[in-house]
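Visitor: One structure follows; several queries about it will come next.
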Amino acid sequence: MTVRSFTQARIYDDFDTANLASLYVFRINKVEKRIWRWTGQGQSRTLSLSPIFVPSMLHWLKHYRRALLPGDISAGLVVAMMMIPQGMAYAMVAGLPPVVGLYASIMPPVVYALFGSSMTQSVGPMAIISLMTAAAIGPLAAPGSALAGVLAAQLALVAGATLLLCGLLRMGFLANFFSRPVMSGFTVGSAIVIAFDQVHTLLGAPIADVLKLHVHGPSALLGVGSLLLLLLARRYLAALLRACGLPAIAADIGAKLAPMLVVLGGIALMATTSLHDLGVRTTGAVPAGLPGLNLATSGAHWPALLQPGLLIGFMVFLMSMSAAQSLALKRNEKLVSNHELIGLGAANVASALSGGFPVTGSLSRSAVNFAAGANTPLASLITAALLAGALLAPTGWLALLPLPVLAATIIVAVLGMLELGIVRTAWSYDRSDVLAWAATCLGVLVLGVEAGVIVGVALSMGTLIWRASRPHIAVLGRIAGTEHFRNIERYPAATQPELLILRIDANLFFGNVESVSERIECELRTHQSARDLLLVMTAVSSIDTTALYALAELNQSLKRRSIGLHLAEVKGPVMDRLRHSDLLRDLNGKLFLSTAIACDHIQAGQR
């Protein structure tokens with residue numbers, strides 16, 4: 001007999017989904033008010049818990065239609081078939097037993113479906129995050145040991161808590177901290193590291209022996225054969241299926257399932273031949289049954305896991321947002337970065353509690369999910385249910401999975417991460433981005449994956465600051481017969497010797513104000529006959545205190561030289577702030593609505 005409390009009965013019997021959402025918001029609001037009453041904050045609070053803690057599932061379930069179900073079912077089935085070899089392979093990259101990859105593929109997508117904002121994101125193990133996990137726990141525990149499993153789950157807990165805190169603090173802007181070239185360099189470097197780490201497993205011999213061309217023959221034959229099959233399938237299988245009459249989408253999905261077919265073929269070979277007796281290693285026994293609640297932690301290792309956990313949390317968000325944004329554009333959906341932080345944070349906490357390791361959204365897996373017909377996160381719930389069913393069923397067949405085949409699937413998977421096209425684009429467009437790409441890639445290869453993240457963030461922020469500190473400033477002239485003013489280096493525009501017109505194409509702040517002041521003085525030295533300086537502020541959206549003082553000093557300097565300082569086309573928000581300063585009162589010139597009016601007025605006064 002099922003017993004429900006009065007509150008539960010009221011919820012399920014008297015409320016529809018919309019009312020349930022309203023009730024949820026009401027409960028959160030009560031908690032929020034208590035928090036702010038406890039902290040002594042009044043009504044002018046800036047922190048609100050309600051929007052990010054309302055489960056997104058309440059929204060998409062409310063609007064779910066039966067017509068969406070076939071697509072979600074097919075996508076769930078396809079991704080489940082893809083996740084079995086992929087999850088086990090990425091667990092091996094992380095230095096964990098393969099079954100842990102399946103554990104990390106069940107609860108995280110379920111929890112992400114509850115809070116995440118992407119309708120087609122597939123959350124689970126991912127190559128780069130697995131590599132970062134291995135780098136974090138490798139020095140602390142032997143690969144495959146019980147302690148390694150505890151530390152991996154602990155790492156997921158740190159990453160999840162970090163993401164939840166960032167979501168609560170509305171820190172979705174963190175997704176902008178990596179430029180595209182830097183992200184590509186990090187990805188390429190990580191892919192090379194992952195592929196190199198799998199060579200010894202692929203060939204069945206330690207890397208020192210491999211370098212001497214000493215390999216284990218049966219393992220190498222099986223591994224290299226699987227690698228060739230996967231590469232051929234990656235290149236030709238989709239076209240072959242299309243030639244056989246399959247629709248393009250179905251052919252592409254079929255090609256994505258090639259790793260599962262190769263894995264099944266490897267298992268069949270191990271079951272029907274004597275490869276095991278010849279020394280080919282397999283995954284070993286895979287425990288049947290669902291993962292239990294994992295509360296194990298190692299108190300002595302918390303300090304060592306904090307920094308890598310923070311970095312992994314950052315990369316989880318960055319990579320998941322990249323995958324989700326590309327799909328959101330195709331579906332014309334709105335992606336809420338703060339909801340993503342909460343969804344990914346909760347997913348990683350769920351992975352920790354179910355004995356998994358850090359997870360994120362995968363672009364390749366999400367793309368397959370989308371192409372297979374996924375319409376809502378129900379597809380991920382179906383995937384999780386099928387994977388749970390696979391663990392509840394007899395798992396003896398998984399124990400026969402040969403490790404060289406698994407290594408081949410990893411190598412082929414990471415080959416798809418080699419984004420070299422962006423290097424060609426950046427080389428012809430902005431070569432400083434190529435240097436950033438190369439530095440980040442080398443940082444990962446030489447210093448390690450964690451240092452590579454730091455190098456990438458430092459380069460992204462450094463490039464941003466460097467560019468912001470050197471704003472574009474144009475000398476303007478008037479296009480004959482019009483009221484348009486353009487850069488005299490690009491247009492045949494007329495200038496007046498006694499009037500210097502400069503357009504500042506950036507916000508003014510402490511980082512660029514010195515450069516702006518130097519450029520203004522340089523132009524004044526070039527135009528020594530100028531008696532008036534007109535600054536066109538069309539591109540200036542903010543002026544900080546340092547820049548305000550610099551403008552005041554410029555005004556006084558020009559006043560001593562009997563040169564007027566005028567401002568034109570100042571934006572409303574900037575003007576609102578300038579009214580609270582002394583600059584407008586002391587200005588050695590005037591304010592003008594437009595550049596044309598300013599030019600006519602100043603020239604009339606000079607005559």
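For the sequence shown, full-length UniProt numbering begins at 1 and goes up steadily by one. Even for Gly, the Cβ is constructed at its ideal location relative to N, Cα and C. Just so it is clear, the structure is predicted and the values come from calculations on it, not from any experiment.
Under a Cβ-count criterion, where at least 16 other Cβ atoms within 10 Å of its own Cβ denotes burial, should W437 be classed as buried or exposed?
Guide: buried
Visitor: Can you give the Cα-Cα distance for V280 and G462, rounded to whole angstroms?
Guide: 49 Å
Visitor: In chain order, what residues of the same chain lie with their CB nearer than 8 Å to the CB of A258, ignoring the 5 residues before and after it?
Guide: L229, L230, A233, R234 and L237
Visitor: Alpha carbon to alpha carbon, how far is D505 from A468? Give it in angstroms, no decimals.
Guide: 10 Å
Visitor: Mapping the DSSP letters down to three states, classify Q528 as helix, strand or coil.
Guide: coil
Visitor: Can you tell me whether DSSP reads S226 as helix, strand or coil?
Guide: helix
Visitor: Report the rounded CA-to-CA distance for S515 versus K62, giving the unit in angstroms.
Guide: 55 Å
Visitor: Assuming G361 and Q86 are in contact, meaning their beta carbons sit under 8 Å apart, how far apart are those beta carbons, in whole angstroms?
Guide: About 13 Å; that fails the 8 Å criterion.
Visitor: Please check the pair V224 and M417, which I expect to be a contact at CB under 8 Å, by giving their CB distance rounded to whole angstroms.
Guide: So it is not a contact: roughly 21 Å between Cβ atoms.
Visitor: With contact counted as at least three CB pairs below 8 Å, one residue from each stretch, are the stretch 101-109 and the stretch 403-412 in contact?
Guide: no
Visitor: Candidates G71, N369 and L318: which alpha carbon is nearest F178's?
Guide: For F178, the nearest C-alpha among the options comes from L318.
Visitor: Given a threshold of 16 other Cβ atoms within 10 Å of its Cβ, counted over all protein chains shown, does M575 qualify as buried or as exposed?
Guide: Residue burial is scored here from C-beta neighbours: M575 has fewer than 16 other C-beta atoms within 10 angstroms and is therefore classed as exposed.
Visitor: Go to H566, then tell me how far its alpha helix (DSSP H) extends in each direction, as first and last residue.
Guide: Careful: H566 lies outside any alpha helix (DSSP H), inside the beta strand (DSSP E) at G564 to A568.
Visitor: Give the list of continuous alpha helix (DSSP H) stretches no shorter than 4 residues that lie fully inside the stretch 91-124.
Guide: 98-103 and 107-115
Visitor: Measure the C-alpha to C-alpha separation of K256 and A248 and round it to an integer number of angstroms.
Guide: 13 Å
Visitor: Is it buried or exposed, R503, if we count other Cβ atoms within 10 angstroms and call 16 or more buried?
Guide: Buried, because 16 or more other Cβ atoms sit within 10 Å of the Cβ of R503.
Visitor: S48 by DSSP, collapsed to three states: which one?
Guide: For S48, the predicted structure reports a pLDDT of 48, less than 50, and the residue's modelled location is therefore unreliable. The matter cannot be settled from this model.
Visitor: Between which residues of its own chain and L554 is the CB-CB distance below 8 Å, once the five residues before and five after are set aside?
Guide: S517, I520 and L565
Visitor: Would you say T133 and F357 are within 7 Å of each other, going by their C-beta atoms?
Guide: yes
Visitor: Just to confirm, is the Cβ distance from Y103 to G355 under 7 Å?
Guide: yes
Visitor: For a quick check, are the C-beta atoms of L131 and M57 less than 7 Å apart?
Guide: no
Visitor: In this structure, how does DSSP classify V193 when only helix, strand and coil are distinguished?
Guide: helix
Visitor: Only counting runs of 4 or more residues, tell me where the alpha helix (DSSP H) segments fall wholly within the stretch 424-495, in order along the chain.
Guide: Look at the stretch 424-495 and you find these whole runs of alpha helix (DSSP H), each 4 residues long or longer: 431-447 and 449-468.
Visitor: Let me check understanding here. Comparing Cα to Cα, which of C522, A474 and V513 lies closest to A547?
Guide: V513
Visitor: If you compare alpha carbons, which of L163, A89, G95 and G101 is closest to L391?
Guide: It is G101.
Visitor: What does a CB cutoff of less than 8 Å around F509 pick up in its chain, not counting 5 residues either side in sequence?
Guide: A468, S542, I543, D544, T546 and A547
Visitor: So, is L533 buried or exposed, given that buried needs 16 or more other C-beta atoms within 10 angstroms?
Guide: buried
Visitor: Whose C-alpha, out of S274, G71 and L295, is nearest the C-alpha of L222?
Guide: S274
Visitor: Contact defined as beta carbons within less than 8 Å: I believe V182 pairs with T440. What is the distance between those atoms, to the nearest angstrom?
Guide: 5 Å
Visitor: If you measure between the beta carbons of I398 and V286, is that distance less than 7 Å?
Guide: Note on identity: in this sequence residue 398 is Leu, with Ile being the wrong assignment. Going by beta carbons, L398 and V286 fall inside the 7 Å limit.
Visitor: What residue does the beta strand (DSSP E) around R503 start on, and which one ends it?
Guide: L499 to I504
Visitor: Taking the alpha-carbon positions, what's the C522 to V453 distance?
Guide: 40 Å
Visitor: Decide if S365 is buried, meaning its Cβ has at least 16 other Cβ atoms within 10 Å, or exposed.
Guide: First, the residue type needs correcting, since residue 365 is Arg and not Ser in the sequence shown. By the neighbour-count rule (16 or more Cβ atoms within 10 Å), R365 is buried.
Visitor: Quick check on this structure: which residue in G144, L213 and V570 has the alpha carbon closest to the alpha carbon of M88?
Guide: G144
Visitor: Quick check on the burial criterion: 16 or more other C-beta atoms within 10 angstroms. Buried or exposed for R490?
Guide: Its Cβ having fewer than 16 others within 10 Å, R490 is exposed.
Visitor: Which residue marks the beginning of the alpha helix (DSSP H) containing M319, and which one marks its end?
Guide: Counted as a single uninterrupted DSSP element, the alpha helix (DSSP H) harbouring M319 occupies residues W302 to R331.
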